[in-house]
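Input: a single structure, listed below in structure tokens.
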Amino acid sequence: MDSLPSPQAPTGRLELSYLYGGVVQYRAGETLGPRVLGDYELVLIIEGQATYCVNRCEHPAPPDSVILARPGFNEAYRWDPVCQTRHAYFHFDIARMPEDWPDPDAWPIARTHPAPVIGGLFRHVIQLIYSHPTWPAVPPGPGECRVVETLISLFIEEHMADDTQCEFGRPDAVQRTLRWMRQVLDDDPRRPVRLEDLVRVACVTDKHLCRLFRKTLGWSPMQTFNLMRLQLSLVLLARTNLSIKQIANRCGYDNQFYFSRCFTKAFSRSPRQVRQDLSRGVPPPSSPLPVDMTPRVYW
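Going by our numbering, the first residue of the sequence shown is number 15, and it counts up by one from there.
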């Protein structure tokens, strides 16, 4: 019988032929190119307002922008006309592409608001380059390749998410109402909340608010508030030693048994069962609301 592969065995990971780069500073009004790129290059704008020109298209590149250029790009940079421009960069060539990456032709070219972690990873790659004087004559090792793979994957996946998923951004009326709900749960979870209260906060009609909530979250405003209370109780079960009765009270339920029925209906497990499962390493049930809506827990 053939043995199963070790879960640690790398499959389809990024392998780089070489990697080199650094940080460059330009005076106001200077340019780079036009040139035809022979390999891959990732650029992080640190300071200054730049413009990236590629294949007759222009991409504004303010500070924190990231540019991912590919072989064959006919490109040019116009640096800030008023003040200095500083950017970090690294060139690389790919010996092996990760299996789950899309075709490079589908990769984004520039992002003006990348995920904050991308900047930190970029700086880490530059530090790796500075600490390896034998590069690019010697190819990077598996560990360094994994860092670059993570960085590029985040850049690519964020672009794909923009095309295929809803953003966290919600209508202003919904956002105002959600913030108010969270504040109530922070200040006084036992406070009675009515639809009239939510309508007053949202500054729209009750029918319009209900339509917005159902379209955005799939629940009515009052259902959403009750689910937020249950969402808070799930965190308290996992992260505190409070009794179930205390948790019910903390989340605005006068009756522990009514709380348990509501909890079980929402999560298909009782509060006691969830707490027992957590102690055995079983993950908690999924919440019917996005995780970013979880009320804060104060210790």
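Here a beta-carbon is modelled for each residue, glycine too, at the ideal position from N, C-alpha and C.
Handout entry: Status (buried if at least 16 other CB within 10 Å, exposed otherwise) for Thr178
Key = Taking the sequence shown and counting its residues from 1, the one referred to as residue 178 is at position 164. Because the pLDDT of Thr178 is 36, which lies under 50, any placement of that residue in the model is unreliable, and the question is left without a value.
Exercise for the section: State yes or no: is the C-beta of Val68 within less than 8 Å of the C-beta of Glu89? Expected result: Start at 1 with the first residue of the sequence shown, and residue 68 comes out as number 54. Start at 1 with the first residue of the sequence shown, and residue 89 comes out as number 75. For Val68 and Glu89, yes; Cβs fall inside 8 Å.
Problem - When Arg193, Thr148, Val152 and Gly134 are compared against Val161, the one with the closest alpha-carbon - result: As a working mapping, residue 161 is identified with position 147 in the sequence shown. Ranking the options by Cα distance to Val161, first place goes to Gly134.
Exercise for the section: Just the C-alpha distance for Ser284 and Thr254, rounded to the nearest angstrom, thanks. Expected result: By 1-based counting over the sequence shown, the position of residue 284 is 270. By 1-based counting over the sequence shown, the position of residue 254 is 240. Ser284 and Thr254: Cα-Cα distance of roughly 17 Å.
Practice task
Return the CA-CA distance between Pro95 and His146, expressed in angstroms with no decimal places.
Solution key: Residue numbering aside, residue 95 sits at position 81 when the sequence shown is read from its first letter. Residue numbering aside, residue 146 sits at position 132 when the sequence shown is read from its first letter. Between Pro95 and His146, the C-alpha separation is close to 35 Å.
Practice task
Please list, in chain order, all residues of the same chain as Leu226 whose beta carbon is under 7 Å from its beta carbon, the five residues on each side excluded.
Solution key: Along the sequence shown, read from residue 1 onward, the residue named residue 226 stands at position 212. Within the same chain, Leu226 has close Cβ partners Pro185, Ala187 and Val188.
Problem - Pair within 8 Å by beta-carbon distance, Arg100 and Ile60 - result: Locating residue 100 in the sequence shown gives position 86, where the first residue counts as 1. Locating residue 60 in the sequence shown gives position 46, where the first residue counts as 1. Going by C-beta atoms, Arg100 is nearer than 8 Å to Ile60.
Exercise for the section: Could you check if Tyr66 is buried or exposed, using at least 16 other CB atoms within 10 Å of its CB as the buried criterion? Expected result: Sequence index remark: in the sequence shown, residue 66 carries index 52 (1-based). Answer is buried; the Cβ neighbour count reaches 16.
Practice task
Keeping to the same chain, check which residues put their C-beta closer than 6 Å to that of Arg190; ignore five residues upstream and five downstream.
Solution key: Stepping through the sequence shown from its first residue, residue 190 is reached at position 176. Hits under 6 Å: Val215 and Ala216.
Exercise for the section: Please name the residue in Val218, Cys71 and Leu209 whose C-alpha comes closest to that of Gln237. Expected result: Within the sequence shown, the letter at position 223 stands for residue 237. If we check each option's Cα against that of Gln237, Leu209 comes out closest.
Problem - heavy atom of the ligand MG below 7 Å from Leu33 C-beta - result: For the structure depicted, the ligand MG is absent and the ligand set is empty, with no information on it obtainable.
Exercise for the section: Could you pull out every residue in the same chain whose Cβ sits closer than 6 Å to the Cβ of Asp291, ignoring the five residues on either side in sequence? Expected result: One-based indexing of the sequence shown puts residue 291 at position 277. Contacts found: none.
Problem - Terminal residues of the beta strand (DSSP E) in which Leu256 lies - result: Along the sequence shown, one-based indexing puts residue 256 at 242. Neither: Leu256 is in no beta strand (DSSP E) and is coded neither H nor E.
Practice task
Using the Cα positions of Tyr32 and Ile143, report the straight-line distance between them to the nearest angstrom.
Solution key: As a first step, residue 32 is located in the sequence shown; it is residue number 18 there, counting from the start. As a first step, residue 143 is located in the sequence shown; it is residue number 129 there, counting from the start. Answer to the nearest angstrom: the Cα atoms are 11 Å apart.
Practice task
Could you tell me the distance, in whole angstroms, from the CA atom of Ser247 to the CA atom of Leu165?
Solution key: Sequence index remark: in the sequence shown, residue 247 carries index 233 (1-based). Sequence index remark: in the sequence shown, residue 165 carries index 151 (1-based). Each residue's alpha carbon lies about 36 Å from the other.
Practice task
Check the C-beta distance from Glu55 over to Ala75 and give it rounded, since I have them as a contact under 8 Å.
Solution key: Working through the sequence shown from its first residue, we reach residue 55 at position 41. Working through the sequence shown from its first residue, we reach residue 75 at position 61. With 8 Å as the limit, Glu55 and Ala75 do not qualify as a contact, their Cβ atoms being about 13 Å apart.
Exercise for the section: Return the CA-CA distance between Thr45 and Lys221, expressed in angstroms with no decimal places. Expected result: By 1-based counting over the sequence shown, the position of residue 45 is 31. By 1-based counting over the sequence shown, the position of residue 221 is 207. Cα to Cα, the separation comes out at about 56 Å.
Problem - Pick from Tyr34, Pro304 and Gly26 that is closest to Pro150, judged by C-alpha positions - result: Here residue 150 is taken as the residue at index 136 of the sequence shown, counted from 1. Among Tyr34, Pro304 and Gly26, the Cα nearest to that of Pro150 is on Tyr34.
Exercise for the section: Determine the closest residue to Ala280 out of Leu256, Pro299 and Asp200, with distance taken between C-alpha atoms. Expected result: As a working note, residue 280 is residue 266 in the sequence shown. Of Leu256, Pro299 and Asp200, the residue nearest in Cα terms is Pro299.
Exercise for the section: Have a look at the DSSP bridge pairing and note the partners of Tyr54. Expected result: The count along the sequence shown starts at 1 and reaches residue 54 at position 40. Paired residue(s): Phe106.
Handout entry: Helix, strand or coil at Ser293 according to DSSP, with G and I counted as helix
Key = Indexing the sequence shown from 1 puts residue 293 at position 279. Helix.
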